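Residue numbers (the numbering used here), protein chains in the order written: chain A, 2 to 180; chain B, 1273 to 1349; chain C, 6 to 237; chain D, -10 to 237.
Dropping the structure here:
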């Protein structure tokens, strides 16, 4: 599902409401038929959210960041972390403090989380912004694999997603936007 | 000519009841001396070793990149 | 709490990982570890300069001076407890973890206490000596600080969690947190002065212990709720 | 003069020059230390009042005087960094701070030990010790500021300003502390300064020790600055050659 809308149309707020970061809404959010508020743990175990702020600590290295964020959901051994970092193109940068990495590389560190987390629902807020051409193609490959594997993803981006599977579009402005 | 103040070595060690004070001060001074003369040398060796390792790694990375671009250009980064 | 989603998802693992991460972040900036200690030393030095270097006067105020300085030192370093995580988005990851949030917040508080509270406790006898505190009061001072400083950290973390979203947070943090920590200061300093006069201090320790128990159970819950509000 | 000044600014020239000077400095310091220490420990007569603790003066006074010199030196290096934007001056300023901290720390320790027999406690709020303690805090402030700011150039400028402000404050602190001390305490008969005009066999070894410890300070500063030069210039050609050549 791709969420479209002009700037300020509430895309990020919608995503943060679905994740539960923002609770200023009425009505219910259901996850597999059950209201989210009733099954906080199971819903959060199945969810992976990457916001504008990528959640990568500047002082730590990518390896340490991933080790911590993995342990919040399901602990993962170092080999998978290294493989994930290699897959997103951070081969020789595992132990470089993130403040010395570029914004694009920091974004890739958070994308590496997609590889090591068992979450079935991905919620990605503008994941393509700082990525270069290789990064965009790599992320689209990841999304395709995830959807093929039965997962689901909610993505906000102005970028035309060329992903093999069907892409539903939700336009918050109500008017069809030329892409 | 200044005269020698101590008749025996043991008297020298005692420093007239102030042995602890004087010898702790000179011990601190000796450690201070050692720290300031030896530590920079160690840091220098450690730095040079690190730079050598880094130079070797860069060379290896460059060699691998050169060989990959030489053979095919399709492979992902 | 519903049943744990899957066996290998261990709350204890997340707790330890968060604790280790925070300590790692602190030790990577080793020079900043000195700041709480140096602040503590400087504040204590102010009192002889301000009051007088006369040993008799200093002895009378020494317990209070060390306690107030310890309080300010642990309060000072609270500021960067959630600040960095809020700015780089790690706080959102923390909130979105299936593990109980208050437990992870407790891990962060313990890490903060180990970094800022414990060095103050370890250093307090040296400063007590500089203020001519009598020998027999040293152990009481260290023990009251050992029980008191965690309470300061825990209550302080509530204040920080509330103000993490605000821009200028230095002053408002002090205004929010200091009233919460006054009872600990009163009892802690009183215990040390009482020991100097040979009075029994059992009741003081009981009260401090009770405060620690209350702080340990309530503060993380309140901090977690406060974090959800400020991230909102 | 200007050519010399700009040449001095190039780290490489400084590195090579200091390389030539170091062996001589080592030799001079070793000789002076040997003479000074043996003279101070063995031949200086006992003081009628302090007894053998007078020997502590031969460590405390040199270290204290150099720690006093560190702050102005750091301020001058900071000023050069700010005005002429000379990288080398910033390197020197960055290396002086920890050395100054160590010297002040040792001066504090030896001063406290020296005063113990008279005051009866290991720490007393004596005028000189207190002003040295405040100077210790000033050094800690500069080092904390240096490590808190991540970008090197911003850190250099900020620390330069703090060093200059600190250097202006050092004399003010010294006199206000002395005034505070006389205000509260009757002039204590013991003072760190050398008491009555000393006969030669007292001040000659003192001068030798002061020069020896100055040399130690210069050597330590040169060694640290050279390391700093290598770290900052590690990408330049002459450093990579030097590293390749060295057989560490």
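Even for Gly, the Cβ is constructed at its ideal location relative to N, Cα and C. The structure presented is a predicted model; accordingly, all values stated were derived computationally and were not measured.
Beta carbon proximity, residue i to chain D, threshold 8 Å
{"i": "residue 37(C)", "result": "yes"}
{"i": "residue 1299(B)", "result": "no"}
{"i": "residue 1304(B)", "result": "yes"}
{"i": "residue 1276(B)", "result": "yes"}
{"i": "residue 1309(B)", "result": "yes"}
{"i": "residue 1341(B)", "result": "no"}
{"i": "residue 1281(B)", "result": "no"}
{"i": "residue 83(C)", "result": "no"}
Expected contact under 8 Å - CB spacing of residue i and residue j to nearest Å
{"i": "residue 206(D)", "j": "residue 88(D)", "result": "7 Å"}
{"i": "residue 169(C)", "j": "residue 88(C)", "result": "6 Å"}
{"i": "residue 52(D)", "j": "residue 82(D)", "result": "In fact, because the Cβ distance is near 21 Å, the residues do not count as touching under 8 Å."}
{"i": "residue -2(D)", "j": "residue 80(D)", "result": "Not really, about 11 Å apart at Cβ, beyond 8 Å."}
{"i": "residue 61(D)", "j": "residue 156(D)", "result": "5 Å"}
{"i": "residue 31(C)", "j": "residue 120(C)", "result": "5 Å"}
{"i": "residue 186(C)", "j": "residue 221(C)", "result": "The Cβ separation is near 15 Å, so there is no contact."}
{"i": "residue 35(A)", "j": "residue 71(A)", "result": "Incorrect: roughly 26 Å between the Cβ atoms, too far for contact."}
{"i": "residue 62(A)", "j": "residue 97(A)", "result": "6 Å"}
{"i": "residue 232(C)", "j": "residue 110(C)", "result": "7 Å"}
{"i": "residue 110(A)", "j": "residue 67(A)", "result": "7 Å"}
{"i": "residue 208(D)", "j": "residue 1309(B)", "result": "7 Å"}
{"i": "residue 68(C)", "j": "residue 194(C)", "result": "5 Å"}
Residue-chain proximity (residue i, chain C), Cβ-Cβ < 8 Å
{"i": "residue 69(D)", "result": "no"}
{"i": "residue 169(D)", "result": "yes"}
{"i": "residue 23(A)", "result": "yes"}
{"i": "residue 69(A)", "result": "yes"}
{"i": "residue 102(A)", "result": "no"}
{"i": "residue 20(A)", "result": "yes"}
{"i": "residue 165(A)", "result": "no"}
{"i": "residue 7(A)", "result": "no"}
{"i": "residue 72(A)", "result": "yes"}
Pair within 8 Å by beta-carbon distance, residue i and residue j
{"i": "residue 152(C)", "j": "residue 203(C)", "result": "no"}
{"i": "residue 124(A)", "j": "residue 20(A)", "result": "yes"}
{"i": "residue 1285(B)", "j": "residue 1291(B)", "result": "yes"}
{"i": "residue 71(D)", "j": "residue 132(D)", "result": "no"}
{"i": "residue 146(C)", "j": "residue 71(C)", "result": "yes"}
{"i": "residue 1288(B)", "j": "residue 35(D)", "result": "yes"}
{"i": "residue 86(D)", "j": "residue 63(D)", "result": "yes"}
{"i": "residue 84(D)", "j": "residue 231(D)", "result": "no"}
{"i": "residue 202(D)", "j": "residue 43(D)", "result": "no"}
{"i": "residue 125(C)", "j": "residue 225(C)", "result": "no"}
{"i": "residue 22(A)", "j": "residue 97(C)", "result": "yes"}
{"i": "residue 1277(B)", "j": "residue 223(D)", "result": "no"}
{"i": "residue 5(C)", "j": "residue 75(C)", "result": "The structure shown does not extend to residue 5(C), since chain C is modelled only from 6 through 237, so no value can be given for it."}
{"i": "residue 153(A)", "j": "residue 121(A)", "result": "yes"}
{"i": "residue 91(A)", "j": "residue 106(A)", "result": "yes"}
{"i": "residue 48(D)", "j": "residue 1296(B)", "result": "no"}
{"i": "residue 104(C)", "j": "residue 162(A)", "result": "no"}
{"i": "residue 173(A)", "j": "residue 25(A)", "result": "no"}
{"i": "residue 53(A)", "j": "residue 127(A)", "result": "yes"}
For residue i, the residue or residues it bridges with in DSSP
{"i": "residue 171(A)", "result": "4(A)"}
{"i": "residue 126(C)", "result": "None, per the DSSP bridge assignment."}
is_contact[residue i, chain B] using C-beta, thresh 8 Å
{"i": "residue 89(D)", "result": "no"}
{"i": "residue 195(D)", "result": "no"}
{"i": "residue 14(D)", "result": "no"}
{"i": "residue 183(D)", "result": "Here residue 183(D) scores only 48 on pLDDT, less than 50, and its place in the model should not be relied on; the value that follows carries that caveat. So, not an interface residue."}
{"i": "residue 177(D)", "result": "For residue 177(D), the pLDDT reaches just 49, beneath the cut-off of 50, and the residue's location in the model is therefore unreliable, leaving the point undetermined."}
{"i": "residue 40(D)", "result": "yes"}
Chain-ordered chain G contacts of residue i [CB-CB under 8 Å]
{"i": "residue 122(D)", "result": "The chain inventory of the structure shown lacks chain G, comprising the protein chains A, B, C and D."}
Test: residue i CB closer than 8 Å to a CB of chain A
{"i": "residue 88(C)", "result": "no"}
{"i": "residue 199(C)", "result": "no"}
{"i": "residue 29(C)", "result": "yes"}
{"i": "residue 65(C)", "result": "no"}
Distance cut-off 7 Å: residue i Cβ against heavy atoms of the ligand NAD
{"i": "residue 50(D)", "result": "For the ligand NAD, the structure offers nothing, since it holds no ligand at all."}
Notebook entry, point to check: What residues in the region 96 to 127 of chain C bring their beta carbon closer than 9 Å to a beta carbon of chain A?
Noted result: Close to chain A, meaning a Cβ-Cβ distance shorter than 9 Å, are the following residues of the region 96 to 127 of chain C: 96, 97, 98, 99, 100, 101, 102, 103, 104, 105 and 109.
Item checked: chain B contacts made by the region 125 to 140 of chain D, where a contact means CB separation under 9 Å -> The residues in question: there are none.
Margin query: Please list, in chain order, the residues of the region 32 to 66 of chain A that have any C-beta partner in chain C closer than 7 Å.
Written below: Listed by position, the residues of the region 32 to 66 of chain A near chain C (Cβ gap below 7 Å) are 40, 42, 43, 45, 46, 48, 50, 52, 54, 55, 56, 57, 58, 59, 60, 61 and 65.
Check: Given a limit of 9 Å on CB to CB distance, which residues of the region 76 to 105 of chain D reach chain C?
Finding: Listed by position along the chain: nothing, the set is empty.
Item checked: the region 132 to 159 of chain A: positions lying closer than 8 Å to chain C by Cβ -> Residues: none.
Checklist line | Contacting positions in the region 1321 to 1340 of chain B - beta carbon closer than 8 Å to chain D | finding: Residues 1321, 1323, 1324 and 1327.
Item checked: Residues of the region 74 to 91 of chain A with Cβ closer than 8 Å to any Cβ of chain C, in chain order -> Residues of the region 74 to 91 of chain A with a C-beta less than 8 Å from any C-beta of chain C: 74, 75 and 76, listed in chain order.
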